[in-house]
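This report refers to the structure that appears directly beneath it.
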Amino acid sequence: KVFKKIKIKKINTLFFVFQGGAFVEIFSAQGKNPGAKWKILGSPSVIWKEFDKEVKSFVFVLEGSSQTNKIQLPKENKQILGLIQRFLVLQIYIPLGQDFSTELLITDLGNIKRRLYLSTVHKELSSTPLHAKIPLFMIKRKIWCNLCIDLVAFTSEIFKGAVFQSLDGIIVSANCKLRKIFTLKCKPQDTADKDEKTEEYVSGTAG
1 KVFKKIKIKK INTLFFVFQG GAFVEIFSAQ GKNPGAKWKI LGSPSVIWKE
51 FDKEVKSFVF VLEGSSQTNK IQLPKENKQI LGLIQRFLVL QIYIPLGQDF
101 STELLITDLG NIKRRLYLST VHKELSSTPL HAKIPLFMIK RKIWCNLCID
151 LVAFTSEIFK GAVFQSLDGI IVSANCKLRK IFTLKCKPQD TADKDEKTEE
201 YVSGTAG
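Residue numbers (the UniProt record's numbering): 1 to 207.
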């Protein structure tokens with residue numbers, strides 16, 4: 001018998017961890033080198049770590065141009081995050097008069113990769129089969145907030161019935177302060193009365 005050699009494509013998943021719990025942490029500004037796993041695009045003069053007295057913890061600060069100053073996970077394009085939980089939460093602070101954006105790479109059940117561009121620059125929702133520009137005009141400024149993004153809703157409603165499979169990449173651009181990024185299995189409860197943060201919930205609907 002002649003056996004053919006079959007090449008098995010190796011997928012380099014960065015978050016090869018148990019995801020059946022309540023959350024999976026992607027980023028925390030605590031520790032010696034919180035940006036070690038991230039690709040940092042920008043000099044130390046525009047991206048740095050500092051202690052924030054308001055939240056009483058360390059945070060990452062991103063300033064300057066949102067086109068050039070950003071952090072990216074994973075570092076290498078060959079890697080994927082492989083995060084399957086429904087909700088993505090960014091604990092962020094956006095200053096007055098400054099723009100902020102984040103880019104998400106998602107994969108659907110058909111293994112089609114699509115990109116979501118969420119930005120304060122966008123005035124209205126627009127999309128193509130593989131890309132979507134989502135406005136963040138509703139987000140509050142000059143206050144710490146939990147920006148919660150419903151990945152399942154965005155995928156199905158913007159991309160006409162596509163089914164979310166995984167979050168495989170994330171880019172956070174200036175201008176903002178960043179405390180934590182994590183995924184959640186269930187929609188978070190409003191924390192505004194507890195720690196003076198506001199909950200900014202973003203679904204896939206245009207309204």
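Glycine included, each C-beta is placed from N, C-alpha and C at the ideal position. The model shown is predicted, which means the values in this text are computed figures rather than measured ones.
Rounded C-alpha distance that separates residue i from residue j
i: V61; j: L178; result: 6 angstroms
i: E76; j: D168; result: 12 angstroms
i: A153; j: R86; result: 9 angstroms
i: L109; j: K160; result: 13 angstroms
i: V46; j: F23; result: 30 angstroms
i: S65; j: F100; result: 9 angstroms
i: G20; j: G82; result: 13 angstroms
i: K123; j: I139; result: 13 angstroms
i: C145; j: N111; result: 32 angstroms
i: I11; j: Q91; result: With a pLDDT of 49 at I11, under the threshold of 50, the predicted position of this residue should be treated as unreliable, though the coordinate-derived value follows. Rounded to whole angstroms, I11 to Q91 spans 29 angstroms at the Cα level.
i: residue 271; j: A29; result: Outside the displayed range of the chain (1 to 207) lies residue 271, so it cannot be described from this structure.
i: K78; j: A36; result: 17 angstroms
i: K185; j: G42; result: 32 angstroms
i: F3; j: P44; result: Only weak support exists for where F3 lies, its pLDDT of 41 falling under 50; the value from the coordinates is given anyway. The alpha-carbon atoms of F3 and P44 are separated by roughly 55 angstroms.
i: I149; j: I84; result: 13 angstroms
i: G31; j: S173; result: 21 angstroms
i: S119; j: L136; result: 5 angstroms
i: L116; j: H131; result: 6 angstroms
i: Q98; j: N33; result: 27 angstroms
i: S126; j: I158; result: 9 angstroms
Per-residue DSSP class, three states only, for residue i
i: V46; result: coil
i: V61; result: strand
i: P188; result: coil
i: Q19; result: coil
i: V55; result: coil
i: D193; result: The pLDDT assigned to D193 is 44, lower than 50, so where the model puts this residue is not dependable; a value taken from the coordinates is nonetheless given after this. Helix at D193.
i: K10; result: In this predicted model, K10 has a pLDDT of only 42, less than 50, meaning its place in the structure is not dependable enough to derive any value.
Terminal residues of the beta strand (DSSP E) in which residue i lies
i: E157; result: That residue, E157, is in no beta strand (DSSP E); its alpha helix (DSSP H) goes 151-158.
i: G169; result: 164-173
i: K32; result: Counting along the chain, K32 falls outside any beta strand (DSSP E), and DSSP gives it neither H nor E.
i: K39; result: 39-41
Residue closest to residue i, alpha-carbon to alpha-carbon, out of the options
i: I40; options: L96, A29, L73; result: L73
i: L151; options: R141, K142, K140, I134; result: I134
i: F27; options: L96, I170, Q189; result: I170
i: K180; options: L88, K113, K53; result: L88
i: P129; options: K37, L136, K113; result: K113
i: P95; options: T107, K142, V55; result: K142
Counting only runs of 3+ residues fully inside the segment 67-143, write out the beta strand (DSSP E) ranges in chain order. 70-73, 87-93, 101-108, 113-119, 131-135
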